[in-house]
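Residue numbers (my numbering): 32 to 399.
Below, the structure is given as structure tokens:
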């Protein structure tokens, strides 16, 4: 009996997630379970018929961006959303997701955000003795919304608050390309809270790479950069990751997948079987090189080509050594063990590659 491999490109978000399960798992924080995360993404698409019209590749990219930040799409948490623009799906962090990322910096112990309605006791004063008092109504119908505020409590015992009127919030909404779509329509109060939380972020004593990426993703989703926030020194980190993932899958779309068919050599009978989903090849990371010139190779090139393999490997960078000595599965196992959350081997720094190389070498010597 011989194996005949029939390949086809992934056709659904579930298949894309199966293809990259190991890599996405390695990106998620330890407190986020992959199965729960994947289920929340699939349910988010199933609940919204509009998202089902989006390209599968854009849905997958949105999910990868959420995984990088460790935010899932469970509705009750309001940590992350998938929003449709045209036929494309875009990841959008929710206000609770932004709060979670701010708390991970270690400087913030708590952030709360609330809506203020007519008829409630609300006092606000700025200055040297600034204070905010809000007593919501706990019975009867709430009046019309008049604004929203957010308060950050810092580990040194101090706090900072920010208030925005409804008119100010709606002004931000009008500047967004998502003004009449997604959470602004289905979860207005949540978006109002997120708007004032974002403005509060300018008072945070420090930021983090993940929080910066979340703001960048939010800017991309809503279609503008909030002028109230300072520009990032290294912008578009998350956008670049999304573009890289998309380009990789588009480039290899004819190659990966999925179905293995067993064929009896004597009878020609097909025995049905599913072998699983093959991992997507990694994007080429090597820069384009100059085409070789005609003629004899130079003495230097000839000398390099005649170097023993062990000697040339010794001179190679940690990343080159890693890719030469070990396969993708070994590297993925090491990334998970060392909690290095990178989607591709090509994205590893030389120090990370060195750490993985040492871990795998030690495991190999132990096995021997």
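Even for Gly, the Cβ is constructed at its ideal location relative to N, Cα and C.
- DSSP places residue 178 in the uninterrupted beta strand (DSSP E) bounded by 176-185.
- As for any beta strand (DSSP E) of minimum length 3 sitting wholly inside the segment 56-143, the runs are 111-116, 119-124, ordered along the chain.
- Here the C-alpha atom of residue 200 lies approximately 16 Å from the C-alpha atom of residue 213.
- In this structure, residue 150 keeps its C-beta atom at 8 Å or more from the C-beta atom of residue 127.
- In the three-state reduction of the DSSP assignment, residue 159 falls in the coil class.
- Annotation for residue 153: 147, 165 place their beta carbon closer than 6 Å to its own, counting only its chain and skipping 5 residues before and after.
- DSSP places residue 146 in the strand class (E or B) of the three-state scheme.
- Taking C-beta separations shorter than 8 Å and ignoring five residues to either side along the sequence, the partners of residue 215 in its chain run 204, 207, 209, 222, following chain order.
- Distance from the CA of residue 158 to the CA of residue 194, rounded to the nearest whole angstrom, comes to 14 Å.
- Under the three-state reduction of DSSP, residue 219 is assigned to helix.
- Between residue 44 and residue 87, the C-beta spacing is below 8 Å.
- Minimum Cα-Cα distance from residue 383 among the listed residues 77, 393, 362, 63 corresponds to 362.
- For residue 196, the enclosing beta strand (DSSP E) begins and ends at 190-196.
- Among the bridge pairs identified by DSSP, residue 153 is matched with 165.
- Listed in chain order, the non-local C-beta contacts of residue 385 below 8 Å within the same chain comprise 349, local neighbours out to five positions each way being set aside.
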